[in-house]
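I have placed the structure first, in the form of structure tokens, so that the comments after it can refer back to it.
Protein chains: 2
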Amino acid sequence: MVEGRHADVMQDSLTAKGRATRARIVEGAAGVLREQGPAVTTLDDIRARTGTSKSQLFHYFPQGKDQLLLAVAQFEADRVLEDQQPHLGRLDTWESWQEWRDAVVERYERQGDECPLGSLFLQVGRSGPGARAIVTELMRQWQEDLARGIRSLRENGLVSPSLDADREAAALLAGIQGGVTIMMSTGDSTHLKAALDTAVAHLRASLHGTAPV
Amino acid sequence: MVEGRHADVMQDSLTAKGRATRARIVEGAAGVLREQGPAVTTLDDIRARTGTSKSQLFHYFPQGKDQLLLAVAQFEADRVLEDQQPHLGRLDTWESWQEWRDAVVERYERQGDECPLGSLFLQVGRSGPGARAIVTELMRQWQEDLARGIRSLRENGLVSPSLDADREAAALLAGIQGGVTIMMSTGDSTHLKAALDTAVAHLRASLHGTAPV
DNA sequence: CCCCGACTGGACTTGCTGGTCCATTTTCTC
DNA sequence: GAGAAAATGGACCAGCAAGTCCAGTCGGGG
């Protein structure tokens, strides 16, 4: 969706086998990058992992490594929201919020200290607007889903009508993001949980008087 | 404090001139790294910026680039908390919290999309425990300061006594961290502000009944 | 003032990695 | 089934950047 500007001319001229290979490269590369980080990952690593040759890499990604990394970034970004479904799409009761919370925690605890997007972003980040666009779009979408969830709560009379849904969603998103970041460094998911739980508590407290911690 | 294990033997045998040069290297390197990111920064860039020679770099950092990056990371980490003083040390009234909030926002808005620590962490990150230790210690200290601030509020009767200071501090720290991260990607400080303000609002709401957005 | 060790300069080596090229095989299309 | 286009294999190249080395200067303590 984002990379669709430059290389989609090729997308058309891809045979079934070609598409399969391309996908294999992207997925394999994603794996390698998650495991050892982009700083030390070479094209040969990816080649080895995906059972491909140098020429294949450049056949499918003519603009070289950056383009490949970008494709991987897009691949990872797509997974982020997918992995939160269907919960993220139905945040209309407190139970669904709790389920979503658990899904998020579970997803990132499983991921451990591998930070596919953060690292990729920093790798390609400054070079082109490409990576930035991917991350920005992801954040926008994510926040939108959260805000919609908060509005659902409001419509169900579960939170105060005076609550600014977008603002709350922004804060919550920041908390998640930071929680994940901290977990990358420390290996501890305490902060992520604290951010999620505190945010939900804040929402709940908006209606009834005092905040139950 | 953290790097003090391996190379401090050298620290002793440093003359005044030597210390000055070493400091110049670290500060200069920090500047270059902030500006162009570690992925594309070479020792020659640092050499040029600091007016030093290759041999000097390796004279002061015998273990090479990694050691230098680690020193820079420590240098940057030290600044993070320093830049929040004296506010971070005196979070006992709502006014002081507000001042601190403004200081944080101002600091990171000025920093823009340069992420000294995040990028450095990812560069050296997985290689050794060194970088990880630096970040972990920074987070620990930061959270501790925030928790102490919350306890000050409690002692002054400004927040609910049932509030878990450490948990709130963890959530707040995550929010800040994520806000900064998002600002790196999008260039927009909305999330950082939302995280800070929402967290403070949550603290205030813990005492009186309903939460004023 | 002199001498040893810290400090500096910069040429050189070396390994690696992204990227190129062309020859060969497979696959689609007519 | 034949020709073209796509897919694949792998040798090869070029540049760059980390790290080495030694020769020369400086500086301070005895």
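So the protein lines, in turn, are chains A and B. Sequential numbering from 3 applies to the first sequence in the working numbering. Sequential numbering from 3 applies to the second sequence in the working numbering. Backbone N, C-alpha and C define an ideal beta-carbon position, used for all residues, glycine too.
Where residue i falls, given that 16 or more other Cβ within 10 Å makes a residue buried
i	result
A22 (chain B)	exposed
G180 (chain A)	buried
Q87 (chain B)	exposed
S55 (chain A)	exposed
A176 (chain B)	buried
T43 (chain A)	buried
A50 (chain B)	exposed
S187 (chain B)	buried
G66 (chain B)	exposed
P40 (chain B)	buried
D80 (chain B)	exposed
G151 (chain A)	buried
D104 (chain A)	exposed
A149 (chain B)	buried
I147 (chain A)	With the sequence shown as reference, residue 147 (chain A) is identified as Asp, and Ile is not the correct amino acid for it. So D147 (chain A) ends up on the buried side.
G114 (chain A)	exposed
G189 (chain A)	exposed
Chain A within 9 Å of residue i, Cβ atoms only
i	result
R134 (chain B)	yes
R51 (chain B)	no
L160 (chain B)	no
G181 (chain B)	yes
V107 (chain B)	no
L192 (chain B)	What sits at residue 192 (chain B) in the sequence shown is Thr, not Leu. At least one chain A Cβ lies under 9 Å of T192 (chain B).
L93 (chain B)	no
I48 (chain B)	no
L90 (chain B)	no
G120 (chain B)	yes
S98 (chain B)	no
D80 (chain B)	no
A173 (chain B)	yes
D104 (chain B)	no
A207 (chain B)	yes
A197 (chain B)	yes
A41 (chain B)	yes
I27 (chain B)	no
Start-to-end residues for the alpha helix (DSSP H) that takes in residue i
i	result
V74 (chain A)	K67 to E84
R92 (chain B)	Careful: R92 (chain B) lies outside any alpha helix (DSSP H) and carries neither H nor E.
S154 (chain A)	P131 to E157
F60 (chain B)	K56 to Y62
G33 (chain B)	A18 to Q38
A197 (chain A)	T192 to A207
T229 (chain B)	Limits of chain B in this structure are 3 at one end and 215 at the other, which puts residue 229 (chain B) out of reach.
D115 (chain B)	Segment: none, D115 (chain B) is in no alpha helix (DSSP H) and carries neither H nor E.
S1 (chain B)	Past the boundaries of the shown model lies residue 1 (chain B); chain B is included only from 3 to 215, so the question cannot be answered.
Neighbour flag for residue i against chain B, beta carbons, 9 Å
i	result
S187 (chain A)	yes
E170 (chain A)	yes
V137 (chain A)	yes
I152 (chain A)	no
A203 (chain A)	yes
G177 (chain A)	yes
D68 (chain A)	no
T44 (chain A)	no
T200 (chain A)	yes
A213 (chain A)	Because the pLDDT of A213 (chain A) is 44, which lies under 50, any placement of that residue in the model is unreliable, and the number read from its coordinates should be weighed accordingly. Answer yes: the Cβ-Cβ gap between A213 (chain A) and chain B drops below 9 Å somewhere.
A73 (chain A)	no
F77 (chain A)	no
Alpha-carbon spacing of residue i relative to residue j, whole angstroms
i	j	result
I27 (chain A)	A133 (chain A)	19 Å
E37 (chain B)	E116 (chain B)	7 Å
D168 (chain B)	A196 (chain A)	9 Å
F77 (chain B)	A31 (chain B)	10 Å
E170 (chain B)	R109 (chain B)	22 Å
V182 (chain B)	A18 (chain A)	43 Å
V154 (chain A)	L16 (chain A)	The residue asked about is misnamed: residue 154 (chain A) is Ser in this sequence, not Val. Cα-Cα distance, rounded: 43 Å.
S162 (chain B)	H210 (chain B)	9 Å
L93 (chain A)	Q143 (chain A)	15 Å
L59 (chain A)	P118 (chain A)	20 Å
S208 (chain A)	A207 (chain B)	8 Å
L160 (chain B)	G33 (chain A)	49 Å
H204 (chain A)	L198 (chain A)	10 Å
P64 (chain B)	T52 (chain B)	17 Å
L174 (chain B)	A25 (chain B)	33 Å
W96 (chain A)	L90 (chain A)	12 Å
R7 (chain B)	Q69 (chain B)	Confidence at R7 (chain B) is low in this model, with a pLDDT of 43, below 50, so its placement is unreliable and the value that follows should be read with caution. Cα to Cα, the separation comes out at about 12 Å.
D47 (chain B)	D166 (chain A)	47 Å
Q100 (chain B)	A201 (chain B)	12 Å
A221 (chain A)	L194 (chain B)	The structure shown does not extend to residue 221 (chain A), since chain A spans only 3 to 215, so no value can be given for it.
L122 (chain A)	R156 (chain B)	42 Å
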